[in-house]
Each structure stands twice: as C-alpha cells, then as structure tokens.
Amino acid sequence: MLSLLRGQPRAFYMIFMLEIWERFGYYTVQGILTLYFIRFLGFDDQTAYYTFGAFSALVYGMVAVGGYLGDKVLGTKRTIVLGLITLAAGYLALALVDRQRVFLALGLICVGNGLFKANPSNLLAKCYDEQDHRLHGGFTLYYMAVNIGSTAALFIGPALSTKYGYSYAYLASFLGLLLGLANYWFQRQHIAHIKIPADSKPIPLWQWNIVIIGIAAATQASAYLLQHVMIAQDIVWGIILLVVATYFIYMHREQKKVALRMVLAFILMLEAVVFLCFINKCRPLLICLL
C-alpha cells in the first residue's frame, strides 16, 4: 500500500487531501443533522427524517449541474474552488445563523456540494495517461480518502456537538474546508499542466455574474424545498421518472449490444439506489438511539 501511495503523480496528493477535508466537512454536518432538526429546531421525528431525505436528495441532485459547469462552462479547477467557497460559507452560516435562516445555510451546502462533488475525480483522471498503470491504484486510494474523511467526521462531529454544541461541530466543518482551500492554493502548481478545455478559456464578467446569480437562486430554491418537504418529494419523483424515461429512450436508439450493457448498468444503478435508501433511512434512526 505504501509503495502504491508513493508512486502517484504530485497532483494526486493535493486531490487526496482535498477530498479528505471536503468529506470531513460534509459528513460532520450530515452525521448530526437529524438530531439538530429534532433537538435544536424542535422537529418531530417524521419531519426530521423527511427533511434529512430532502437535503440528501438536493445534495446529490445538484451534482449534475456541477459536472456540467466543470466540463462546459467554468472548467474543473474553477468549479472545485467555487464549490469549496460555497460549502465553507454554508458551514459557517450554519454555525452562526439563527433558526430562521438555517435553511438558507443548508441550501448553500446543497449547492456547494453539487458544484464540488463531480469534479475532483474528473481532475484526478486527467493526472494519468490512458495506459498509465497507476490509474486504478490512484482511484483506489482516492476512495480511501473519501472513507478517511467521512469516518473521522462521524466520530468528531457527534463528539463536538455533544460536548460543546452544534455550532462547534459546524465550525469544525468550516475549518476543514478552509484547510482544503489552503491545500489547493499552495499546491495548485502541481495541476497547472493539466489541460481541460473549459479551464483554458477566460470567463467574461457577465458569465461570472450569471453563475453567481444561479448559485443564489439555487440556494433560495433549496431552502424553500427544505421548508416544504412534501413539494420536494413530488419534484424528486418527477425528476426520477424523467431521468428513467430519458435513459430508456437513449437505450432504445442504441445497437443491441450497447443496449444490453445499458440494461445491466441500469440494474446496477438500481441496486445502488436501493442500498443507499436503506443506509440513509437507518442512519438517522441509529443516531437518534445514541
């Protein structure tokens, strides 16, 4: 394992640490969020579970937008930084705001996570040539970083919230994101050689303005949906049906061999969805028993 870790390109280590700190911040919040809803905001159990589910759905639903911005508009590197800044703002807001503005802070976290999540793995893939034997080992270690950050968070977050209060746990998330940003800034020279088309083009001011307005609008929309979880549930089901229908339309247009592979991929994705549904259903229940 150590030989595998030592043999990676310099850019890998920056992305590895970036992922640890980002996952630490996110899972610190997620690990105590249900209890925060119940004990701090006064939600009943069912409302807390529904709101937690809506938050998780929005977090992962935003990933497609972040991936598109990274590939086509801002570029992977700029989208990563923008995502980290948005996440840090969300964590700091969650630590400092009053109860009336909690959902705006959670909306920022949803948007920031969506901006960030898809792009580090895309950047990591560009660190290797197609035939580089280190590629598979690099991604194995990358997912270890995810596990390290999330595991540390699930111990540290509850401990801080129990002993000092929820605000201190959220401040720990904020500090983790600051460390991630500092890590990126001081090691950015290691990814300067990675050429992604969208990263190479200058972004005019009007385009930045549209992106910032879009982030603000998405934050407000997320905050509204988190306060009206039944509407969020209907929207999620509508999106699911639309995505599945679109997938099968594209599958129908492919050759038989490709279509069969897409059927297999759909089955695997369905299994993953069912597994994650059970995990996310059990996590708040287990936390509430602690």
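In this note's numbering, the protein residues as written are 8 to 297. The C-beta atom is built at its ideal place from N, Cα and C for all residues, glycine as well. Nothing here was measured: the structure is a model prediction, and the numbers come from that model.
Specify, as a first and last residue, the run of the alpha helix (DSSP H) that residue i falls within.
i    : result
V251 : 236 to 260
Y43  : Neither: Y43 is in no alpha helix (DSSP H) and is coded neither H nor E.
V70  : 70 to 75
D206 : 204 to 207
Thinking just about the alpha-carbon of each residue, which of the options is nearest to the one in residue i?
i    : options                : result
I246 : M69, G49, Y20, F19     : M69
P209 : R85, L167, V250, A112  : R85
Y56  : M269, A71, G38         : G38
S229 : F59, R17, T253, I217   : F59
A18  : A223, V88, A132        : A132
K124 : T93, V270, Q214, C134  : T93
Y177 : A71, A64, Y43, G49     : Y43
Y173 : G156, L212, L103       : L103
Q107 : K263, Q234, A159, L271 : Q234
L65  : F255, Y254, L271, W244 : W244
Q227 : G164, C117, K264, Y34  : C117
F273 : F31, P16, A224, Y254   : Y254
L40  : T169, Q240, R141       : T169
Q194 : G14, L267, Q15, L25    : L25
L99  : L122, Y175, T147       : Y175
F181 : G145, F31, P16, W213   : F31
P211 : L188, H197, L81        : L81
I222 : V250, G144, L111       : L111
G73  : Y33, G121, L91         : G121
P16  : L142, F162, L185, I219 : L142
G164 : V36, D139, I27         : V36
C134 : R260, G14, K264, W28   : G14
D130 : W215, K263, N154, D206 : Sequence check: residue 130 is Leu here, not Asp. Selected option, being the one with the closest Cα: D206.
L91  : L185, A159, T158       : L185
K79  : I220, V265, Q214       : Q214
H200 : V251, D136, Q262       : D136
I27  : V153, D241, F146, G77  : V153
Y34  : S63, Q240, L248, F47   : S63
G77  : Y67, M151, I45, S128   : S128
V218 : A160, L271, Y75        : Y75
P204 : T83, I238, A252, D52   : T83
W48  : I22, D105, A71         : Rather than Trp, the amino acid found at residue 48 in this sequence is Leu. It is D105.
Can you round the beta-carbon distance between residue i and residue j to whole angstroms, since I take them to be within the 8 Å contact cut?
i    : j    : result
V280 : A61  : About 16 Å; that fails the 8 Å criterion.
L115 : V109 : Rounded, the Cβ-Cβ distance is 11 Å, inconsistent with contact.
Y191 : V88  : 7 Å
M269 : M276 : Their Cβ separation, rounded to whole angstroms, is 10 Å, which puts M269 and M276 out of contact at 8 Å.
L188 : A96  : No, L188 and A96 are not in contact; Cβ-Cβ is about 11 Å, not under 8 Å.
E29  : G156 : 7 Å
L232 : A239 : 4 Å
Three-state secondary structure (DSSP) at residue i?
i    : result
G172 : coil
D105 : coil
Q15  : coil
G82  : coil
A266 : helix
D51  : coil
A199 : coil
I219 : helix
P211 : coil
Would you say residue i touches the ligand MG, meaning its beta carbon is less than 6 Å from a heavy atom?
i   : result
G38 : Although the ligand MG was asked about, the structure shown includes no ligands whatsoever.
Examine chain D for any beta-carbon lying closer than 7 Å to the beta-carbon of residue i, and answer yes or no.
i    : result
L178 : The displayed structure is made up of one protein chain only, and chain D is not part of it.
Can you check the region 121 to 146 for any alpha helix (DSSP H) of at least 4 residues that lies completely inside it and give the ranges in chain order? 126 to 132
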